[in-house]
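> First the structure, which I've put down as structure tokens, then a few questions once you've had a look.
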Amino acid sequence: MTEDVTPLLRATGLSRSFRLPRTSLFAPAALRHAVRDVSLELREGNSLGIVGESGSGKSTLARLLLALDRPDSGTVHYRGREIRPGAPRRLTWFRREVQVVLQDPMGSLDPRTTVRDIVAEPLECLRLPGGHDDRVDELLRAVGLDPSVRGRYPHEFSGGQRQRIAIARALAPGPKVLVGDEPLSALDVSVRAQILALLNDLAEAYGLTLLLVSHDIGVVRHLCTDVLVMKDGRAVEQGPAASVLADPRHPYTRRLLAAVPRLPA
Amino acid sequence: MSVPSSRVLRALLKSRSGFAGSVLVGVLVLSALVSLVWTPYDPTLARPQDSWLLPLSGGHVLGTDRLGRDELSQLLTGARSTLRTALLAAAIAAVVGLALALAAVLVPRWIGAAVVQFTDVLIAFPVLLIAMILTAVYGGSTWTAVTAIGVGAGVNVARVARAEAGRVLGTDYVLAAHAAGSGTWRTVRRHVLPNIAPTLIVQLSLVLSVAVLAEAALSYLGFGTPPPAVSWGRMLHEQQSYITARPLLVIWPGLAVVCSVLGFNLLGDGLREAADARLRVRELQEVPGA
Amino acid sequence: MSLLKITDLSVRIGGTAVVEGVSLDLAPGERLALIGESGSGKSLTALAVMGLLPDSAEVTGSIRLGGEELLGLGDRELSRLRGERMAMVFQEPMSALNPLMRIGKQLAEPLRLHRGLNRRRAAAAAVELAAQVGLPDPELVVRSWPHQLSGGQRQRVGLAMALATRPALLIADEPTTALDVTVQADMLKLLDDLVQQHGTALLFISHDLAVVAELCPRAAVLKDGRLVEEGATDTLVRSPRHSYTQRLVDAARATGWDTPEVAR
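If you read the protein sequences in the order shown, they are chains A, B and C. Take the first sequence: its position 203, counting from 1, is numbered 203 in full-length UniProt numbering, and each next residue is one higher. Take the second sequence: its position 184, counting from 1, is numbered 184 in full-length UniProt numbering, and each next residue is one higher. Take the third sequence: its position 69, counting from 1, is numbered 69 in full-length UniProt numbering, and each next residue is one higher.
Written out as structure tokens, the structure is:
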């Protein structure tokens with residue numbers, strides 16, 4: 001990885017704050033700074049893990065990077081072009097290349113939509129050519145589901161299966177970048193291992209660049225080449241995973257690492 | 001949308017209120033339908049020689065009124081105008097409610113807030129009062145009554161629909177749809193509407209019951225469907241002077257109104273229970289994960 | 001003599017067997033981890049011990065606490081036992097707290113009920129309890145409402161409530177699953193200390209072997225309502241006898257911290 005390659009995704013000085021509900025009639029409503037001045041780069045073929053605990057702003061950061069939320073300040077560039085939320089038409093090219101898998105596989109699938117329609121959603125919205133039904137079957141097979149499930153509804157599946165459906169939807173437009181917002185944390189450990197292996201295989205098979213948001217530094221360690229540690233909206237440490245995890249500089253990173261439960265060797 | 005319908009229907013008929021509501025509403029619909037093709041006598045035909053006939057006399061099952069009009073024929077025909085007013089009002093309420101609700105959640109915040117304020121102010125006025133104001137201004141007609149009831153009930157529907165739509169818009173599947181490139185209208189059509197439909201259907205069945213009552217009240221007060229059309233409200237109005245002599249002539253239309261209102265109310269309750277039951281099944285399936 | 005002795009416990013709900021023939025043994029002050037995935041019946045086993053299963057559940061077998069048979073006991077005796085001899089901490093601490101009652105009152109309640117303290121002494125003991133579970137500024141915490149506390153703080157309150165009456169048995173059902181890693185680590189440490197101090201026996205329920213490995217020297221693995229393996233946690237992890245245990249260990253290693261290889 002030489003420094004002069006243009007990064008796939010680059011964020012510069014991103015900040016986003018939310019107005020808290022007013023607590024007093026006279027004082028102005030307080031602001032919560034969810035993300036403060038975060039910059040990052042994601043290079044093709046690398047994979048970045050954004051690690052932090054609840055309230056660290058990591059999910060807000062993911063939404064900003066996906067143009068699902070507008071930053072107060074700062075910019076996001078993809079392949080050198082600035083990305084800002086707005087009319088879906090203007091973002092079509094970006095959405096074809098950058099897709100997302102969300103945390104809760106129950107919540108991220110519409111309970112009144114069939115598997116076929118869920119997986120075909122990006123194909124329709126992003127106006128991709130070709131037979132969608134064949135593509136849906138192919139995607140379901142790729143994530144280890146039998147294509148015959150296409151007519152069923154989300155509540156008929158287990159958590160792990162639902163997450164597979166969500167992954168199939170994300171892969172539908174043939175993206176270059178897959179963003180995972182805590183894709184494993186709602187799952188049992190054994191299911192987590194399966195989905196982790198699936199993500200790893202898919203990343204290899206399709207040449208995906210991964211951006212993984214997680215509170216679980218163990219997961220990040222298995223999937224990511226680079227790490228960014230967030231605390232209270234700031235990036236407190238970032239760098240190659242091997243060096244950050246082996247030799248953490250920031251005390252918070254050290255605490256995070258020490259807190260990971262371990263099995264006896 | 002298609003999955004649950006047959007299961008909801010079964011759950012509806014299994015619940016006590018759902019079953020009773022379905023039966024009462026069924027009787028109302030059947031009466032209206034029958035009156036289209038057949039009534040024992042012409043409901044508006046006055047036959048002075050047959051006035052004040054007692055039930056089961058002279059071929060009149062429920063007897064006749066002061067002008068010799070057949071009570072049963074009037075009741076059956078009245079069901080028609082009751083049902084028509086109720087359905088039209090519910091349709092208007094659905095359109096008004098959905099439009100206001102979507103306007104409140106989809107447009108920029110300050111306009112949305114204005115819409116919310118507006119609906120909240122309208123909610124403060126009882127449906128009947130709005131209806132009376134409108135008919136006082138524009139004169140009594142079926143359409144004034146229908147519009148007034150529809151708009152008045154619509155703002156109440158709007159409040160519920162707005163809360164539901166807001167909830168759905170905040171879900172992860174809507175976020176995922178946006179990430180998949182879905183535009184606002186597509187998201188509304190494909191995700192918001194199907195997911196607020198059950199709540200909306202329950203609300204509308206309650207609107208139907210309000211509309212039946214409002215229609216009866218308006219025509220009783222002379223603001224509703226003008227004669228010669230038959231309505232239960234006006235039957236009540238016309239017979240009330242003779243309530244001591246012929247109490248049954250007042251009781252029948254009164255009972256018809258009560259049963260119809262009760263029917264739609266019970267149906268609404270049953271639908272809500274049925275929808276809840278479906279949700280409960282889903283939750284139970286998830287429990288072992290806890 | 002064992003404190004908790006479960007023999008051939010079966011639970012059927014709506015005709016389906018969700019727990020089948022489970023036998024467990026827990027000595028006073030001992031710690032046992034109950035491991036299993038969603039739907040393995042681990043939580044139902046705990047609820048059966050606490051007598052908190054819904055009425056529709058059919059329970060057979062035997063559960064003895066200090067020699068006393070719990071199955072078939074009336075609600076009054078059960079609720080007395082729940083206050084004095086056994087207590088439970090839940091995954092979602094908010095579910096165990098009354099949102100309309102200040103923390104101090106909720107802590108004081110079991111003390112007045114089961115230890116017969118008067119109002120003033122119970123209030124003082126509540127502050128002491130809050131301090132014991134490591135809540136910062138306990139005087140302030142007892143005056144707060146549940147919604148004002150963070151998830152970790154609520155879980156500490158839940159633990160304080162459970163330990164208020166010095167029960168002989170504490171059942172913890174995934175008490176750290178909803179918490180952040182650093183908070184989880186603090187919570188596990190606290191649990192370790194308190195259980196040690198009071199000599200409380202601990203039944204810790206989790207889907208994650210790594211979480212319980214340090215805390216519980218003994219573990220039992222449940223699958224589809226049946227006990228598949230039981231033994232010393234170390235042995236279980238290093239050389240599992242059952243293929244299912246092996247799978248759990250592999251899964252924990254594959255997602256956790258314990259494999260040598262780093263990402264691609």
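Beta carbons: idealized from backbone N, C-alpha and C, even for Gly.
Between which two residues does the beta strand (DSSP E) holding A/R135 run?
In the first sequence, counting from the first residue as 1, residue 135 of chain A sits at position 135. That residue, A/R135, is in no beta strand (DSSP E); its alpha helix (DSSP H) goes H132 to A142.
> With a CB to CB cut of under 6 Å and the five nearest residues on each side skipped, what residues in its chain are close to A/R192?
Walking along the first sequence from the start, residue 192 of chain A turns up at place 192. Excluding positions up to five away in sequence, the list reads L184.
> Flag this pair as yes or no: are the beta carbons of A/R263 and C/A252 separated by less than 9 Å?
For this step, residue 263 of chain A is matched to residue 263 along the first sequence. For this step, residue 252 of chain C is matched to residue 252 along the third sequence. Checking the sequence shown, residue 263 of chain A turns out to be Leu, not Arg. Yes, the Cβ-Cβ distance between A/L263 and C/A252 is below 9 Å.
> With a 10 Å radius around its C-beta and 16 neighbouring C-beta atoms as the bar for buried, classify B/D172 as buried or exposed.
Residue numbering aside, residue 172 of chain B sits at position 172 when the second sequence is read from its first letter. Buried.
> Assuming B/T44 and B/L53 are in contact, meaning their beta carbons sit under 8 Å apart, how far apart are those beta carbons, in whole angstroms?
Reading the second sequence from its first residue, position 44 is the one you call residue 44 of chain B. Reading the second sequence from its first residue, position 53 is the one you call residue 53 of chain B. Rounded, the Cβ-Cβ distance is 17 Å, inconsistent with contact.
> Between A/I165 and chain C, is any beta-carbon pair separated by less than 9 Å?
Taking the first residue of the first sequence as 1, we reach residue 165 of chain A at position 165. Cβ-Cβ to chain C under 9 Å: no for A/I165.
> Buried or exposed: where does B/Q285 fall if 16 or more other Cβ atoms within 10 Å of its Cβ makes it buried?
By 1-based counting over the second sequence, the position of residue 285 of chain B is 285. The pLDDT assigned to B/Q285 is 41, lower than 50, so where the model puts this residue is not dependable; a value taken from the coordinates is nonetheless given after this. It is exposed - the Cβ of B/Q285 has fewer than 16 other Cβ atoms within 10 Å.
> Can you give me, in chain order, the residues of the region 49-68 of chain A that have a beta carbon less than 8 Å from any beta carbon in chain C?
Hits within the stretch, in order: E53 and S54.
> Whose C-beta lies closer than 7 Å to the C-beta of B/L169 among residues of the same chain, with five residues either side of it excluded?
By 1-based counting over the second sequence, the position of residue 169 of chain B is 169. So the list reads V105 and V192, once near-sequence residues are dropped.
> Taking just the CA atoms, how far does B/I123 sit from B/V155?
Here residue 155 of chain B refers to the residue found at position 155 when the second sequence is read from its first residue. Here residue 123 of chain B refers to the residue found at position 123 when the second sequence is read from its first residue. Each residue's Cα considered, the two are about 6 Å apart.
> Along the region 201-234 of chain C, where does the CB come closer than 7 Å to a CB of chain A? Name the residues.
Within the region 201-234 of chain C, the qualifying residues are H207, D208, L209, A210, V211, A213 and D234.
> Helix, strand or coil: which one does DSSP assign to B/S73?
Residue numbering aside, residue 73 of chain B sits at position 73 when the second sequence is read from its first letter. In this structure, B/S73 counts as helix in the three-state DSSP scheme.
> Taking buried to mean at least 16 other C-beta atoms within 10 Å of its own C-beta, is A/Y206 buried or exposed?
Start at 1 with the first residue of the first sequence, and residue 206 of chain A comes out as number 206. A/Y206 comes out exposed.
> Mind checking the region 190-201 of chain B against chain A and listing, in chain order, the residues whose C-beta falls within less than 9 Å of any C-beta there?
Within the region 190-201 of chain B, the qualifying residues are R190, H191, P194, N195 and A197.
> Quick one: give me the first and last residue of the alpha helix (DSSP H) that B/I123 is part of.
Locating residue 123 of chain B in the second sequence gives position 123, counting from the first residue. From DSSP, the alpha helix (DSSP H) with B/I123 extends over R109 to I123.
> Kindly provide the ranges of any alpha helix (DSSP H) runs that are 4 or more residues long and lie completely inside the region 93-178 of chain A, ordered along the chain.
For the region 93-178 of chain A, whole alpha helix (DSSP H) runs of length 4 or above, ordered along the chain, are 115-125, 132-142 and 159-171.
> Chain C partners of A/R255, CB-CB under 7 Å?
Taking the first sequence and counting its residues from 1, one reaches residue 255 of chain A at position 255. Per Cβ cutoff of 7 Å: T182.
> Comparing the C-beta of A/I217 with each C-beta of chain C, is any distance below 9 Å?
Start at 1 with the first residue of the first sequence, and residue 217 of chain A comes out as number 217. Closer than 9 Å to some Cβ of chain C, the Cβ of A/I217 qualifies, so yes.
> Can you pull the chain C neighbours of A/D188, defined as C-beta to C-beta under 7 Å?
Within the first sequence, the letter at position 188 stands for residue 188 of chain A. The contacting residues are E37, S38 and H207.
> Determine which residues share a DSSP beta bridge with B/M235 and list them.
Mapped onto the second sequence, residue 235 of chain B falls at position 235. B/M235 pairs with nothing; no bridge assigned.
> Have a look at A/L256, A/Q238 and A/V189 and flag the residue whose alpha-carbon is nearest the alpha-carbon of C/V249.
Here residue 249 of chain C is taken as the residue at index 249 of the third sequence, counted from 1. Of the listed residues, the one whose Cα sits closest to C/V249 is A/V189.
> Considering only C-alpha positions, which residue in the set B/L267, B/L218 and B/L271 is nearest to B/S22?
Taking the second sequence and counting its residues from 1, the one referred to as residue 22 of chain B is at position 22. That would be B/L267, whose Cα lies nearest to the Cα of B/S22.
> Does the region 25-41 of chain B come close enough to the region 257-271 of chain B to have 3 or more Cβ pairs within less than 8 Å?
Judged by Cβ distances under 8 Å, the region 25-41 of chain B makes contact with the region 257-271 of chain B, as three or more pairs qualify.
> With three or more beta-carbon pairs closer than 8 Å as the criterion, would you say the region 46-60 of chain A touches the region 177-191 of chain C?
At 8 Å Cβ cutoff, the stretches touch.
> Please confirm whether C/I205 and C/G36 have their CB atoms less than 9 Å apart.
To locate residue 205 of chain C, count along the third sequence from 1; it is residue 205. To locate residue 36 of chain C, count along the third sequence from 1; it is residue 36. Cβ atoms of C/I205 and C/G36: closer than 9 Å.
> Going by beta carbon distance, what residues of the same chain come within less than 7 Å of A/L109, once the five residues before and after it are set aside?
By 1-based counting over the first sequence, the position of residue 109 of chain A is 109. If we look at A/L109 and ignore the five residues flanking it on each side, its Cβ neighbours are I118, P154, R162, I165 and A166.
> Can you list the residues of chain A that B/T183 reaches, using a CB-CB cut of under 9 Å?
Against the second sequence, residue 183 of chain B aligns to sequence position 183. The amino acid at residue 183 of chain B is misidentified as Thr; the sequence shows Gly. Correct list: A87, P88, R89 and C125.
> Where does B/V107 land, buried or exposed, given buried means 16+ other C-beta within 10 angstroms?
Looking up residue 107 of chain B in the second sequence gives position 107. That one is exposed.
> Which of the three DSSP states is assigned to A/V236 in this structure?
In the first sequence, the residue the question calls residue 236 of chain A occupies position 236. Residue state, collapsed to three classes: strand.
> Mind the definition here: the region 223-232 of chain C touches the region 19-39 of chain C only if three or more C-beta pairs lie below 8 Å; say whether that holds.
Yes, the region 223-232 of chain C touches the region 19-39 of chain C.
> Rounded to whole angstroms, what is the Cα-Cα separation between C/M1 and C/W145?
Locating residue 1 of chain C in the third sequence gives position 1, where the first residue counts as 1. Locating residue 145 of chain C in the third sequence gives position 145, where the first residue counts as 1. Spanning the two alpha carbons is a distance of roughly 42 Å.
> How about the region 244-258 of chain A and the region 243-262 of chain B: do they share at least three Cβ pairs that are nearer than 8 Å?
No, the region 244-258 of chain A does not touch the region 243-262 of chain B.
> If you draw a straight line from the alpha carbon of B/A114 to that of A/G218, how long is it in whole angstroms?
Working through the second sequence from its first residue, we reach residue 114 of chain B at position 114. Working through the first sequence from its first residue, we reach residue 218 of chain A at position 218. Going by the C-alpha atoms only, they are around 49 Å apart.
> Name the chain B residues that come within less than 7 Å of A/E121, Cβ to Cβ?
Within the first sequence, numbered from 1, the residue matching residue 121 of chain A stands at position 121. Those within 7 Å of A/E121 in chain B are A177, A180 and S182.
> When DSSP builds the beta bridges, which residues end up paired with C/L24?
Working through the third sequence from its first residue, we reach residue 24 of chain C at position 24. Answer is C/I6.
> Between C/V249 and chain A, is any beta-carbon pair separated by less than 9 Å?
Mapped onto the third sequence, residue 249 of chain C falls at position 249. Yes - at least one Cβ of chain A is within 9 Å of the one on C/V249.
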